[in-house]
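Visitor:
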Amino acid sequence: MEIYNYSELDNSVLGKPINLDKGSRGDVYRYGDIAIKKYRSVSYDCDNIQLDMFENLRKIQLPAFVELIDCTTEVVEDERETYDIYGRPNKREVVSAYSSRFYETSDEFMIDKPMDYTLNSLYEFKKLVEELNKKDIVIADSHGENLIVADNNIVIIDPDLYRKHKNPDKINQKRVKEYLRELWLDEYDREFETEYVIKNLFKGSIDETIDRIKSSNESTPRKLLARELKR
Ligand SMILES: Nc1ncnc2c1ncn2[C@@H]1O[C@H](COP(=O)(O)OP(=O)(O)O)[C@@H](O)[C@H]1O
Ligand SMILES: [Mg+2]
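Residue numbering for the sequence shown follows this note's numbering, beginning at 77 and increasing consecutively.
Pasting the structure below:
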């Protein structure tokens, strides 16, 4: 399964992490067309992405979701010295690094792009939610910084905290909208009033949100927010 042992790639090859100013579980490097995330800690009970979750998510080939390529694992023993029923030390295979497609970030804020960019991103989010629902996976960690504003639509990255869930539809719809709410707030301002306006725009299902944005007839999200804030 492993094309390359990314965790052994030397820093003289990888250079400096690209997420230097972002607190996180790992260091992310650009390596040509791919991004490599090396986790800082690899232990029995760390919350790095789990191998079966990685394999599951790797099958998703949708524009809205990061294209996962490959991962490297390490087998680690439980440091609390617990044992299985045969008296052997408990072990786990833990993901120590993974690679994904590297996405170039657009120079322009999402809120300044034509409204079709937002609408297209929401359509793609809908497809992603359907796919995750089928796999009984629930989205977590819906921060604006786990998005890449790519050329045609928004791409969700960082699925570290995604989990199995029996009935994830409602939560997933809520979470994908949260990603956008967070991004718009980051890009516009973090004022209380903006938060209120954005919350109202994104309430209900993804479809309701799409309808609301469409019927606003504004050319960009920034203009829509400015108009709503003036009311
Ligand atoms: N596939 C990718 N393409 C482009 N940039 C990426 C990619 N993966 C991560 N990054 C950059 O690295 C940062 C941290 O990555 P992320 O997976 O969110 O890890 P963490 O939140 O654990 O630090 C992201 O916010 C983004 O700027
Ligand atoms: Mg992140």
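No residue lacks a Cβ here, since even glycine has one placed at the ideal position from N, Cα and C. Only a predicted model underlies this, so the values are computations on that prediction, with no experimental measurement involved.
Based on Cα-Cα distance, which residue from Thr158, Asp192, Ile94 and Phe178 lies nearest to threonine 296?
Guide: In the sequence shown, counting from the first residue as 1, residue 296 sits at position 220. Comparing Cα positions, the closest option is Asp192.
Visitor: For a test of the three-state rule: what should DSSP assign to glutamate 180, helix, strand or coil?
Guide: The sequence position of residue 180 within the sequence shown is 104, counting from 1. The answer is coil: DSSP assigns glutamate 180 none of H, G, I, E or B.
Visitor: Per DSSP, arginine 168 is paired with what?
Guide: Counting from one through the sequence shown, the residue named residue 168 turns up at place 92. Arginine 168 is bridged to Val152.
Visitor: Is arginine 303 helix, strand or coil when you go by DSSP?
Guide: Indexing the sequence shown from 1 puts residue 303 at position 227. In the structure shown, arginine 303 sits in a helix (DSSP, three-state: H, G or I).
Visitor: When the Cα of aspartate 154 is compared with those of Arg164, Cys147 and Asp146, which residue comes out closest?
Guide: To locate residue 154, count along the sequence shown from 1; it is residue 78. Comparing Cα positions, the closest option is Arg164.
Visitor: Leaving aside the five residues before and after methionine 129 along the sequence, list all residues of the same chain whose C-beta is less than 7 Å from its C-beta, in chain order.
Guide: Here residue 129 corresponds to residue number 53 of the sequence shown, with the count starting at 1. The answer, listed in chain order, is Tyr238.
Visitor: What does the alpha-carbon distance come out to for the pair glycine 108 and isoleucine 161?
Guide: In the sequence shown, the residue the question calls residue 108 occupies position 32. In the sequence shown, the residue the question calls residue 161 occupies position 85. Going from the Cα of glycine 108 to the Cα of isoleucine 161 covers about 46 Å.
Visitor: Let me know the secondary structure DSSP gives serine 281 once reduced to three states.
Guide: Along the sequence shown, read from residue 1 onward, the residue named residue 281 stands at position 205. Here serine 281 sits in coil by DSSP.
Visitor: Nearest-angstrom Cα distance between isoleucine 224 and tyrosine 159?
Guide: Position 148 of the sequence shown, counted from the start, is the residue given in the question as residue 224. Position 83 of the sequence shown, counted from the start, is the residue given in the question as residue 159. Approximately 43 Å between the Cα atoms of the pair.
Visitor: Taking only heavy atoms of ligand 1 into account, decide whether any of them is closer than 7 Å to the Cβ of asparagine 222.
Guide: Mapped onto the sequence shown, residue 222 falls at position 146. Because some heavy atom of ligand 1 lies under 7 Å away, the Cβ of asparagine 222 counts as near it: yes.
Visitor: Could you compute how far the alpha carbon of isoleucine 145 sits from the alpha carbon of proline 244?
Guide: Working through the sequence shown from its first residue, we reach residue 145 at position 69. Working through the sequence shown from its first residue, we reach residue 244 at position 168. Straight-line Cα distance between these residues: approximately 25 Å.
Visitor: Going by C-alpha distance, which of Arg101, Ser119, Val152 and Leu256 is nearest lysine 113?
Guide: Counted from its first residue, the sequence shown places residue 113 at position 37. Closest by alpha carbon: Arg101.
Visitor: Which value, in whole angstroms, describes the spacing of the CA atoms of glutamate 271 and leucine 85?
Guide: What you label residue 271 is simply residue 195 of the sequence shown in a count that begins at 1. What you label residue 85 is simply residue 9 of the sequence shown in a count that begins at 1. The straight-line gap from Cα to Cα measures roughly 42 Å.
Visitor: Is the closest heavy atom of ligand 2 to the C-beta of serine 100 under 7 Å?
Guide: Your numbering for residue 100 matches position 24 in the sequence shown. Yes, the Cβ of serine 100 comes within 7 Å of a heavy atom of ligand 2.
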